[in-house]
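0 is the number of the first residue of the sequence shown in numbering that gives the first Met the number 0; add one for each residue after it.
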Amino acid sequence: MKKTMILVLSVLSLLITSCATTKTEKSFTKIEAGQAIITNIDSDGAAVKYGQKADDFTNVTIVDCSKSTNRNLVTIDLADFEDLDMDFDFSCDLKFTSSKENEIDILWMVNEVNAGFPELARIKVKAGEWTHFQGTKSIALSGKRQLYISAAGIDKEDLKIYIKNFNLKLNCDEIGKEKKVKVNWADERSLAEAYQPYFDYFGFATPKAVLQNGQVIKGLEHQASCFTMENEFKPDFMFAWQKPSKFLDFVGEDGKTYKVPENTPVLGNIATILRIAKYTNLKMRGHVLVWHSQTPDWFFRENYGGNSAAFASKEEMNARLEWYIKTILEYIKNWEDENNEGKRIVVTWDVVNEAASDNASQSSWLRTNSNWYKIYKNEEFIVNAFRYANKYAPKDLLLAYNDYGCSSVAKCGAICKIVDAIQAAPDARIDVLGMQSHIGMNTPITGPNSFETSVQKFIAKGLDVQITELDIGLDGQRYNSQRLKAKYKEFFKMCLANRKSDSKYGIRGVTLWGTIDETSWIYNNNGIKNHPLLFEGNYTCKDAFYGVLEAADEEE
Numbered sequence: 000m001k002k003t004m005i006l007v008l009s010v011l012s013l014l015i016t017s018c019a020t021t022k023t024e025k026s027f028t029k030i031e032a033g034q035a036i037i038t039n040i041d042s043d044g045a046a047v048k049y050g051q052k053a054d055d056f057t058n059v060t061i062v063d064c065s066k067s068t069n070r071n072l073v074t075i076d077l078a079d080f081e082d083l084d085m086d087f088d089f090s091c092d093l094k095f096t097s098s099k100e101n102e103i104d105i106l107w108m109v110n111e112v113n114a115g116f117p118e119l120a121r122i123k124v125k126a127g128e129w130t131h132f133q134g135t136k137s138i139a140l141s142g143k144r145q146l147y148i149s150a151a152g153i154d155k156e157d158l159k160i161y162i163k164n165f166n167l168k169l170n171c172d173e174i175g176k177e178k179k180v181k182v183n184w185a186d187e188r189s190l191a192e193a194y195q196p197y198f199d200y201f202g203f204a205t206p207k208a209v210l211q212n213g214q215v216i217k218g219l220e221h222q223a224s225c226f227t228m229e230n231e232f233k234p235d236f237m238f239a240w241q242k243p244s245k246f247l248d249f250v251g252e253d254g255k256t257y258k259v260p261e262n263t264p265v266l267g268n269i270a271t272i273l274r275i276a277k278y279t280n281l282k283m284r285g286h287v288l289v290w291h292s293q294t295p296d297w298f299f300r301e302n303y304g305g306n307s308a309a310f311a312s313k314e315e316m317n318a319r320l321e322w323y324i325k326t327i328l329e330y331i332k333n334w335e336d337e338n339n340e341g342k343r344i345v346v347t348w349d350v351v352n353e354a355a356s357d358n359a360s361q362s363s364w365l366r367t368n369s370n371w372y373k374i375y376k377n378e379e380f381i382v383n384a385f386r387y388a389n390k391y392a393p394k395d396l397l398l399a400y401n402d403y404g405c406s407s408v409a410k411c412g413a414i415c416k417i418v419d420a421i422q423a424a425p426d427a428r429i430d431v432l433g434m435q436s437h438i439g440m441n442t443p444i445t446g447p448n449s450f451e452t453s454v455q456k457f458i459a460k461g462l463d464v465q466i467t468e469l470d471i472g473l474d475g476q477r478y479n480s481q482r483l484k485a486k487y488k489e490f491f492k493m494c495l496a497n498r499k500s501d502s503k504y505g506i507r508g509v510t511l512w513g514t515i516d517e518t519s520w521i522y523n524n525n526g527i528k529n530h531p532l533l534f535e536g537n538y539t540c541k542d543a544f545y546g547v548l549e550a551a552d553e554e555e
């Protein structure tokens, strides 16, 4: 399918609807529905002559490279197609003459740095011989770019390049369409309001820097009713990457006294974020208490030593785990009691994150490459975490297990085994299954073995579901805003069909993992640009945003 993008009207006014041969820059560009056809190179003053005769051919373009002011030998300006993801279909015939070069390496390439300067065609050409060039490639243009012949290693003096039958087709769905006015998220309808009848909250993950930007906060307040810190509530941040230097005595549930850090975690950072949440009247999801990643290695070692020290015993780790959960949960509760009239700001905590194996089987379903597993060798640390969270959390604070890849049959089964273990412990509590939902364009949303299948399996366990880290990757497809819109709409239609009601469990909230594409963790994936979220650039609404709104509107 063709790419999707919009050409601005000012560009369209420069383009003609025929391939007439003139010397005016851009005069060789023809716009059709979803396609731009370029039939010659750009003008470079006296260096480029069009419509010449050479070797019994007419309409040959000759480039006197010694007279060129361009950095490269031949250029085709692609600035009008900035921010398009396009299919390039290129061909031409070329020869060169030179008194100094008998053979040169002709490289047609695009100066798109994010894609590693992709090549369309490359051939060693002998002087005086016509050579055919042809190439196709999909390229996302992230700025004002050029297709050009690289001058690297080539002597331009006395060099002439002859080009005939030049043809460059650029395929992209919205080429030729009228420009849409992009609307800032603070000025468009509110997603939080649209979904208020159906979900407890509508939220976004955000770094702390976003919360310190007044203009961004204005839009976040309008579009969301809840937010999740991307990093600041994780153990590494709570400990501020500091090893403890002072210790307190803590009595574990076994009645023994253990040493726990006195000078960490850094709780003032929590207070700063809670104040922002109170000021903006937004709720929060706490992410995360227990995780194999972003937790300091010394936390698992005897005497809080380095990674060469032996692991602490299970009894020691139980005490540290209980102390950490108690410290965080009680601090937040006390802050809410003193500063928010006892009303919850943090409404859910991800108690344990990503403990299920990616390669789960009936006999082995836990992640084994974590310090937690290396010490416990089973799910005991997970169950204990939910026991301690239940012990110290307010009863109206929801406790969640959170994981990715939940639509995988094997992973879903592994998560269900973890839930069974938690629910079997009489003093543990689990209320929510957090489905991270880092999905792709190829992820089946409904039908057999789909995302919805896993949702319904978790609901059948007597759990509510929260969509906790939603974004949609391209899965190797080329970006098309309408396809992404349709995928988001399909996903939210599924969420609405499985929402929580008074009589049963269900989906009760959605969090997007980020606000704008450009700061998404998957935006630039090894040179391939994803467009995974609802907003872009200066927080303007994408087509995907309107797909999410349409899903809510059609539910009425």
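The C-beta atom is built at its ideal place from N, Cα and C for all residues, glycine as well.
Residue burial classification, residue i (beta-carbon count within 10 angstroms, cutoff 16)
| i | result |
| --- | --- |
| Trp240 | exposed |
| Val250 | exposed |
| Phe544 | buried |
| Phe238 | buried |
| Asp542 | buried |
| Val418 | buried |
| Lys342 | exposed |
| Ser9 | Residue confidence is low: Ser9 scores 31 on pLDDT, short of 50, so the model does not pin down where it sits. No coordinate-derived value is stated. |
| Ser42 | buried |
| Pro447 | exposed |
| Glu156 | exposed |
| Thr514 | buried |
| Gly142 | exposed |
| Thr20 | Only weak support is given to the placement of Thr20: the predicted model assigns it a pLDDT of 36, under 50, and the value that follows is read from those uncertain coordinates. Under this definition Thr20 is an exposed residue. |
| Lys492 | buried |
Within 8 Å, strictly: CB atoms of residue i and residue j
| i | j | result |
| --- | --- | --- |
| Leu365 | Ala399 | no |
| Asp349 | Gly404 | no |
| Gly546 | Glu517 | no |
| Asn529 | Gly475 | no |
| Tyr372 | Glu321 | no |
| Leu72 | Tyr161 | no |
| Thr279 | Glu220 | yes |
| Lys163 | Val62 | no |
| Ile174 | Gly33 | yes |
Closest by C-alpha distance to residue i, when choosing among the options
| i | options | result |
| --- | --- | --- |
| Thr28 | Ala193, Gln293, Leu167 and Tyr387 | Leu167 |
| Trp297 | Gly134, Asp463 and Phe310 | Phe310 |
| Trp579 | Trp184, Thr205 and Val109 | With the chain covering 0 to 555 only, the question about residue 579 has no answer from this structure. |
| Glu111 | Lys488, Phe132, Asp76 and Met283 | Asp76 |
| Ala354 | Ser407, Ser406, Tyr303 and Ser292 | Ser292 |
| Cys494 | Asn230, Ser436, Asp501 and Tyr522 | Ser436 |
| Pro260 | Asp501, Ile381 and Arg319 | Arg319 |
| Glu128 | Ala53, Lys181 and Asp88 | Ala53 |
| Ile466 | Ile138, Ser141, Met228 and Tyr200 | Tyr200 |
| Asp253 | Asn383, Leu273 and Gly33 | Asn383 |
| Ala185 | Pro196, Leu158, Glu102 and Gln214 | Gln214 |
| Gly50 | Met108, Asp248, Ser363 and Phe165 | Phe165 |
Residue i to residue j span [Cα, whole Å]
| i | j | result |
| --- | --- | --- |
| Ser149 | Ala485 | 40 Å |
| Arg300 | Ala223 | 41 Å |
| Asn69 | Ile122 | 21 Å |
| Thr539 | Phe80 | 19 Å |
| Asp55 | Ala120 | 26 Å |
| Ser67 | Asp86 | 29 Å |
| Leu210 | Ile216 | 6 Å |
| Tyr375 | Ser369 | 10 Å |
| Asp336 | Gly412 | 39 Å |
| Thr23 | Phe236 | Residue confidence for Thr23 is low, a pLDDT of 40 falling below 50, so the modelled location carries little weight and cannot support an answer. |
| Ile30 | Lys233 | 51 Å |
| Ile421 | Glu314 | 19 Å |
| Met283 | Cys171 | 40 Å |
| Leu469 | Pro295 | 27 Å |
| Lys367 | Met434 | At residue 367 the sequence reads Thr, which differs from the Lys that was named. Cα to Cα, the separation comes out at about 21 Å. |
| Ala308 | Lys332 | 35 Å |
| Arg317 | Ile324 | Note that residue 317 is Asn in the sequence shown here, rather than Arg. Their backbone Cα atoms lie some 11 Å apart in a straight line. |
| Ile521 | Ala45 | 46 Å |
Extent of the continuous alpha helix (DSSP H) to which residue i belongs
| i | result |
| --- | --- |
| Val382 | Glu379 to Tyr391 |
| Tyr257 | That residue, Tyr257, is in no alpha helix (DSSP H); its beta strand (DSSP E) goes Thr256 to Pro260. |
| Lys207 | Lys207 to Leu210 |
| Leu190 | Leu190 to Tyr194 |
| Lys245 | From DSSP, Lys245 is part of no alpha helix (DSSP H); its letter is neither H nor E. |
CB contact below 8 Å: residue i versus chain D
| i | result |
| --- | --- |
| Arg144 | The chain inventory of the structure shown lacks chain D, comprising one protein chain alone. |
First through last residue of the beta strand (DSSP E) which encompasses residue i
| i | result |
| --- | --- |
| Arg482 | From DSSP, Arg482 is part of no beta strand (DSSP E) but of the alpha helix (DSSP H) over Ser480 to Ala496. |
| Met434 | Val431 to Met434 |
| Gly134 | Thr130 to Ala139 |
| Met316 | Taken as a continuous stretch (DSSP letters only), Met316 belongs to no beta strand (DSSP E), being part of the alpha helix (DSSP H) at Lys313 to Asn338. |
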